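Numbering follows my numbering, in which position 25 of the sequence shown is assigned residue number 33; successive positions increment by one, without gaps. C-beta atoms are modelled at their ideal positions from N, C-alpha and C, and glycine is treated no differently. Note that this is a predicted model, so its numbers are computed, not measured. Read the structure below first, then the notes.
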Amino acid sequence: MHQKVTIEPFRIKVVEQIRLTSDEERRNFLKKADYNLFLLHSDEVIIDLLTDSGTSAMSAEQWGGIMRGDESYAGARSWLRMEAEIKNLTGYPYILPTHQGRAAEHLLYSRIGGPGKVFISNTHFDTTRANIEFSGATAVDIPIAAALHPEAYHPFKGNLDIEKLEALIRLHGADKVGAVILTVTNNTGGGQPVSLANARAISKATKAHGIRFILDACRIAENAYFIKQREEGYQDMSYREIAQEMFALADGCIMSAKKDGLVNMGGFLALNDHELAVQCRTVLIITEGYSTYGGLSGRDMEAIAIGLQEVFEPDYLEYRIKSTAYLGQHLRNIGVPLIWPAGGHAIYVDAKAFYPHIPVEEFPGQALACELYLKAGIRSCEIGSVMFGKNNEQGQLIPAAMELVRLAIPRRVYTQSHIDYVVEAFRELVQERERVHGYRIAYEPPFLRHFTARFQPVVH
Ligand code: F0G
Numbered sequence: 009m010h011q012k013v014t015i016e017p018f019r020i021k022v023v024e025q026i027r028l029t030s031d032e033e034r035r036n037f038l039k040k041a042d043y044n045l046f047l048l049h050s051d052e053v054i055i056d057l058l059t060d061s062g063t064s065a066m067s068a069e070q071w072g073g074i075m076r077g078d079e080s081y082a083g084a085r086s087w088l089r090m091e092a093e094i095k096n097l098t099g100y101p102y103i104l105p106t107h108q109g110r111a112a113e114h115l116l117y118s119r120i121g122g123p124g125k126v127f128i129s130n131t132h133f134d135t136t137r138a139n140i141e142f143s144g145a146t147a148v149d150i151p152i153a154a155a156l157h158p159e160a161y162h163p164f165k166g167n168l169d170i171e172k173l174e175a176l177i178r179l180h181g182a183d184k185v186g187a188v189i190l191t192v193t194n195n196t197g198g199g200q201p202v203s204l205a206n207a208r209a210i211s212k213a214t215k216a217h218g219i220r221f222i223l224d225a226c227r228i229a230e231n232a233y234f235i236k237q238r239e240e241g242y243q244d245m246s247y248r249e250i251a252q253e254m255f256a257l258a259d260g261c262i263m264s265a266k267k268d269g270l271v272n273m274g275g276f277l278a279l280n281d282h283e284l285a286v287q288c289r290t291v292l293i294i295t296e297g298y299s300t301y302g303g304l305s306g307r308d309m310e311a312i313a314i315g316l317q318e319v320f321e322p323d324y325l326e327y328r329i330k331s332t333a334y335l336g337q338h339l340r341n342i343g344v345p346l347i348w349p350a351g352g353h354a355i356y357v358d359a360k361a362f363y364p365h366i367p368v369e370e371f372p373g374q375a376l377a378c379e380l381y382l383k384a385g386i387r388s389c390e391i392g393s394v395m396f397g398k399n400n401e402q403g404q405l406i407p408a409a410m411e412l413v414r415l416a417i418p419r420r421v422y423t424q425s426h427i428d429y430v431v432e433a434f435r436e437l438v439q440e441r442e443r444v445h446g447y448r449i450a451y452e453p454p455f456l457r458h459f460t461a462r463f464q465p466v467v468h
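So this is what it looks like as structure tokens:
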């Protein structure tokens, strides 16, 4: 059959009720939440695209594994299974389980960070940057130039700028560089993939200077899909083999299993370096738990071991990436400006271009996120000046580089009709752009303001 529709390669065994709210209810909910979508209750949301992290639907196999989970304190069967799976996948011999990605980041960057150290990445995810800066070190982002142009096509817009890397190593001296961290796919840069050629060039440069190379591998299966489709020479390799080739270029990885591990909780640190692993393991035992469970239950570890296999299944990955691209393509067709091409796990709408009449001081991304909720009960996430903007000494906003709204797609959770509903909502928002106003911040905490800030509509 000449198949045009990409069908979900699963059928649904357990369902979770969605409460369908009215326009008036949503107006009240949003007002009560002070126009901050993080402060909504999940029952007040129809389609939740806040994050793809920890929101996956697990398979019947994984739920079966949950029952088989071995909860022994030390040397549990489930741990041995998870450890073997990760060793086999990554090739790294030392595996440290953690309750999620940022805990693994803490283990590593509290050891290899510290004042005077510099970390270099295509783009540090915010918890990565926070862990590095918390240690007293500096984090520098060097994505390729194309990454800063939302509409410019590049097959691997997540790549790191190799020339800048060489220049930074010369500037700081190799002994000051704590690690080069490659985030695959590059979440903050639009969920864009990184090529194997780029990873190989980084590997060559870091090896030549004796610098550690770490992968932030939480979406490495999605990244492997793009490599097989777009990079010359990988068409005959499996997705898993492509990921393995990338792991082999680095000295270790951090993974939040809440993404491509297809689980609701979990993560790990995996390393080649025995001495460093011993140091990190000490922090693991002090802060997370004994070294054969970290912060995890036996059942969580069982589910991760299975999830890491399922995520590389070709039918799954095909559906996953094509369904994200489907949303991106349909939004683009109706004139919604977005980061192009579509990323792996999310679509990033360019809110500054969508609402050109709203000044950045009035947060066009926040305005779009609120409109999308009011219109259709869809929860998204502002990634712009609310999240990354700072105030100067005169209290004026130093805006973020871009004003984006992320529509992150949970794995195996929503069907095509849910996605069509999102497109329908945007179709109306496109017609109503002029009447939309911005917001001002009425309250903000000293750090990470986007989680708890309170907003007020700006009515001119
Ligand atoms: N690295 C990347 C690239 C991430 O996207 C995340 C989490 C982490 C590390 C930290 O992992 O949440 O398990 O501690 N990203 C989520 C998101 C929160 O919504 O993009 P964690």
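Buried/exposed call for residue 373, threshold 16 Cβ in 10 Å: Translated into the one-based positions of the sequence shown, residue 373 becomes position 365. By the neighbour-count rule (16 or more Cβ atoms within 10 Å), residue 373 is buried.
Backbone secondary structure at residue 61 - three-state DSSP: Looking up residue 61 in the sequence shown gives position 53. Three-state DSSP puts residue 61 in coil, outside helix and strand.
Sheet register partners of residue 474 (DSSP bridge): Within the shown structure, residues of the chain are numbered from 9 to 468, placing residue 474 beyond reach of any answer.
Helix, strand or coil at residue 69 [DSSP, three-state]: Numbered from 1 along the sequence shown, position 61 holds the residue referred to as residue 69. Three-state DSSP puts residue 69 in a helix.
Runs of beta strand (DSSP E) wholly within the segment 162 to 189 (minimum 3 residues, chain order): Those beta strand (DSSP E) runs which fall completely within the segment 162 to 189 and span 3+ residues do not exist here.
Residue closest to residue 325, alpha-carbon to alpha-carbon, out of 223, 200, 16 and 347: In the sequence shown, residue 325 corresponds to position 317, counting from 1. Per the Cα distances, 16.
Residue 224 beta carbon near the ligand F0G (any heavy atom closer than 7 Å): Numbered from 1 along the sequence shown, position 216 holds the residue referred to as residue 224. Yes - the ligand F0G has a heavy atom lying nearer than 7 Å to the Cβ of residue 224.
Integer-rounded CB distance, given that residue 148 should sit under 8 Å from residue 176: If you number the sequence shown from 1, residue 176 lands on position 168. If you number the sequence shown from 1, residue 148 lands on position 140. Yes, they are in contact, since the Cβ atoms of residue 176 and residue 148 sit about 6 Å apart, within 8 Å.
Alpha carbon of residue 52 to alpha carbon of residue 26, nearest angstrom: Within the sequence shown, numbered from 1, the residue matching residue 52 stands at position 44. Within the sequence shown, numbered from 1, the residue matching residue 26 stands at position 18. Whole-angstrom Cα-Cα distance: 9 Å.
Per DSSP, cross-strand counterpart(s) of residue 462: The residue you call residue 462 lines up with position 454 of the sequence shown. According to DSSP, residue 462 bridges with 451.
Nearest-angstrom Cα separation, counted from residue 281 out to residue 291: The sequence position of residue 291 within the sequence shown is 283, counting from 1. The sequence position of residue 281 within the sequence shown is 273, counting from 1. So the alpha carbons of these two residues sit roughly 16 Å apart.
Residue 275 Cβ short of 7 Å to the ligand F0G heavy atom set: Position 267 of the sequence shown, counting from 1, holds the residue named residue 275. At least one heavy atom of the ligand F0G is nearer than 7 Å to the Cβ of residue 275, so yes.
Endpoints, the alpha helix (DSSP H) within which residue 372 is located: Position 364 of the sequence shown, counted from the start, is the residue given in the question as residue 372. 372 to 384 is the extent of the alpha helix (DSSP H) around residue 372.
Collapsed DSSP secondary structure at residue 261 in the structure displayed: Within the sequence shown, residue 261 is the residue found at index 253, counting from 1. Strand.
Beta-ladder partner(s) of residue 106, from DSSP: Locating residue 106 in the sequence shown gives position 98, counting from the first residue. DSSP lists 275 as partners of residue 106.
Three-pair Cβ contact test at 8 Å for the segment 74 to 88 versus the segment 149 to 159: no
Collapsed DSSP secondary structure at residue 151 in the structure displayed: Counting from one through the sequence shown, the residue named residue 151 turns up at place 143. Strand, per DSSP.
Beta-ladder partner(s) of residue 387, from DSSP: Numbered from its first residue, the sequence shown carries residue 387 at position 379. In the DSSP output, where bridge partners are listed per residue, residue 387 has 56.
Cα-Cα separation between residue 541 and residue 293, rounded to whole angstroms: This structure does not reach residue 541, given that the chain is present from 9 up to 468, and the question cannot be answered.
Check whether residue 271 and residue 410 have beta carbons under 8 Å apart: Working through the sequence shown from its first residue, we reach residue 271 at position 263. Working through the sequence shown from its first residue, we reach residue 410 at position 402. No, Cβ-Cβ distance for residue 271 and residue 410 is not below 8 Å.
Identified DSSP bridge partners for residue 194: Sequence index remark: in the sequence shown, residue 194 carries index 186 (1-based). In the DSSP output, where bridge partners are listed per residue, residue 194 has 200.
Any 3 or more C-beta pairs closer than 8 Å across the segment 309 to 329 and the segment 261 to 270: yes
C-alpha distance - residue 379 paired with residue 444, whole-angstrom precision: Residue numbering aside, residue 379 sits at position 371 when the sequence shown is read from its first letter. Residue numbering aside, residue 444 sits at position 436 when the sequence shown is read from its first letter. One C-alpha to the other measures close to 8 Å.
Beta-carbon proximity check, residue 126 vs residue 166, cutoff 8 Å: Counting from 1 along the sequence shown, the entry for residue 126 is found at position 118. Counting from 1 along the sequence shown, the entry for residue 166 is found at position 158. Not a contact, by the Cβ cut-off of 8 Å.
Assumed close pair residue 203, residue 239 - CB separation to whole angstroms, cut-off 8 Å: Position 195 of the sequence shown, counted from the start, is the residue given in the question as residue 203. Position 231 of the sequence shown, counted from the start, is the residue given in the question as residue 239. At roughly 5 Å, the Cβ-Cβ gap stays under 8 Å, so residue 203 and residue 239 are in contact.
Contacts around residue 28, its chain only, beta-carbon distance under 8 Å, and the 5 residues preceding and following it disregarded: Translated into positions along the sequence shown, residue 28 becomes position 20. If we look at residue 28 and ignore the five residues flanking it on each side, its Cβ neighbours are 54 and 385.
Straight-line Cα distance separating residue 222 from residue 189: Here residue 189 refers to the residue found at position 181 when the sequence shown is read from its first residue. Here residue 222 refers to the residue found at position 214 when the sequence shown is read from its first residue. Whole-angstrom Cα-Cα distance: 5 Å.
Nearest to residue 138 (by Cα), restricted to the options 456, 407, 242 and 460: One-based indexing of the sequence shown puts residue 138 at position 130. The residue with the shortest Cα to Cα distance from residue 138 is 456.
Cut-off 6 Å between Cβ atoms - residues of its own chain near residue 178, not counting five sequence neighbours on either side: Against the sequence shown, residue 178 aligns to sequence position 170. Hits under 6 Å: none found.
Near the ligand F0G: residue 133 beta-carbon under 7 Å from a heavy atom: Here residue 133 refers to the residue found at position 125 of the sequence shown. At least one heavy atom of the ligand F0G is nearer than 7 Å to the Cβ of residue 133, so yes.
Segment contact flag, the segment 56 to 66 with the segment 413 to 421, C-beta cutoff 8 Å, min 3 pairs: Yes: at least three Cβ pairs fall under 8 Å.
Beta-carbon gap between residue 438 and residue 342 smaller than 8 Å: Sequence index remark: in the sequence shown, residue 438 carries index 430 (1-based). Sequence index remark: in the sequence shown, residue 342 carries index 334 (1-based). Yes, these two residues count as a Cβ contact at 8 Å.
Span separating the alpha-carbon of residue 118 from that of residue 143: As a working mapping, residue 118 is identified with position 110 in the sequence shown. As a working mapping, residue 143 is identified with position 135 in the sequence shown. Distance between the alpha carbons of residue 118 and residue 143 is about 6 Å.
Residue 459 burial status per 10 Å Cβ neighbour count (16 or more: buried): The residue labelled residue 459 in the question sits at position 451 within the sequence shown. So residue 459 ends up on the exposed side.
Any non-hydrogen atom of the ligand F0G within 7 Å of residue 108 CB: Here residue 108 refers to the residue found at position 100 of the sequence shown. Answer for residue 108: yes, Cβ within range of the ligand F0G.
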